[in-house]
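Each residue of the sequence shown is one higher than the one before, starting from 34 at the first, in the numbering used here.
Here's the structure we're looking at; comments come further down.
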Amino acid sequence: MTNKTQKGYLIIEVMMAIVLFSMVVLTLFGMLSFLQRRTQVSTFEANAGILMQEGMEIAHNALIANWGSYPDDTYKPVFVEVDKRWDLLPGEETEIQTRYSRKIKLSQVCRNTSNGEQIELSSCASLGGVIDKNSKLVITTIGWMEKGAPKELTASFLVFHNDQN
Numbered sequence: 034m035t036n037k038t039q040k041g042y043l044i045i046e047v048m049m050a051i052v053l054f055s056m057v058v059l060t061l062f063g064m065l066s067f068l069q070r071r072t073q074v075s076t077f078e079a080n081a082g083i084l085m086q087e088g089m090e091i092a093h094n095a096l097i098a099n100w101g102s103y104p105d106d107t108y109k110p111v112f113v114e115v116d117k118r119w120d121l122l123p124g125e126e127t128e129i130q131t132r133y134s135r136k137i138k139l140s141q142v143c144r145n146t147s148n149g150e151q152i153e154l155s156s157c158a159s160l161g162g163v164i165d166k167n168s169k170l171v172i173t174t175i176g177w178m179e180k181g182a183p184k185e186l187t188a189s190f191l192v193f194h195n196d197q198n
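Encoded structure:
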């Protein structure tokens with residue numbers, strides 16, 4: 034092999050090494066960028082989940098403590114400093130941690146008279162259902178903006194009040 038041929042192979046090997054190195058670097062930067070964005074999204078969702086759970090616990094405790102005080106409406110949790118307890122006031126809570134909003138919707142529960150299953154409240158009368166005075170549906174919604182798009186996390190549960198003392 035001549036000296037010129039060896040130099041030619043060396044140049045090709047160096048160029049291949051540069052191309053491979055560039056591909057590895059670009060792939061790593063792309064992956065790191067994706068992981069950073071995903072971590073931020075996961076943080077937003079985790080914080081929303083914590084606020085969701087907190088709202089659900091506050092609603093449950095407020096309903097159990099004072100069942101008859103909460104007609105169907107949208108509420109926000111408020112800490113009552115004098116009594117050292119949480120309460121629900123009408124409205125929606127905004128600017129939680131400067132990013133989130135929270136609303137807790139309480140509504141009556143309609144039951145099928147033959148099997149006791151829950152029926153959609155809007156079709157209660159037409160399906161022959163009855164309002165269950167001992168149950169409330171709690172729907173907690175957390176909203177936030179992420180990259181200019183609205184995001185929402187919603188959960189619901191039933192609270193049962195045993196009217197027998």
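Ideal placement from N, C-alpha and C gives every residue a C-beta, glycine not left out.
Residue i burial status per 10 Å Cβ neighbour count (16 or more: buried)
i	result
residue 83	exposed
residue 139	buried
residue 166	exposed
residue 117	exposed
residue 162	buried
residue 57	exposed
residue 92	buried
residue 218	Given a span of 34 to 198 for the chain in the structure shown, any question on residue 218 remains unanswerable.
residue 164	exposed
residue 152	buried
residue 133	buried
residue 52	exposed
Residue i: CB within 7 Å of a non-hydrogen atom of the ligand ZN
i	result
residue 79	Absence of the ligand ZN from the depicted structure is noted, as is the absence of any ligand whatsoever, leaving it without description.
Candidates the options, of which the one nearest residue i by Cα
i	options	result
residue 89	136, 112, 177 and 157	136
residue 128	177, 72, 73 and 61	177
residue 109	115, 124 and 71	124
residue 105	51, 154 and 180	154
residue 142	130, 131 and 157	157
residue 192	44, 101, 45 and 42	101
residue 87	49, 126, 46 and 103	126
Cβ distance (whole Å) where residue i is taken to contact residue j below 8 Å
i	j	result
residue 122	residue 111	5 Å
residue 175	residue 85	5 Å
residue 94	residue 119	7 Å
residue 179	residue 74	7 Å
CB contact below 8 Å: residue i versus chain D
i	result
residue 136	The structure shown has no chain D; it contains just one protein chain.
Report task. At 3 residues or longer, and completely inside the region 118-169: list those beta strand (DSSP E) runs for me, N to C. Result -> For secondary structure counted as the beta strand (DSSP E) over 3 or more consecutive residues, the region 118-169 holds these complete runs in sequence order: 118-123, 126-129 and 133-145.
Query raised in the report: Taking three-plus beta-carbon pairs below 8 Å as touching, is the region 179-186 in contact with the region 75-82?
Result: Contact holds: three or more Cβ-Cβ distances are below 8 Å.
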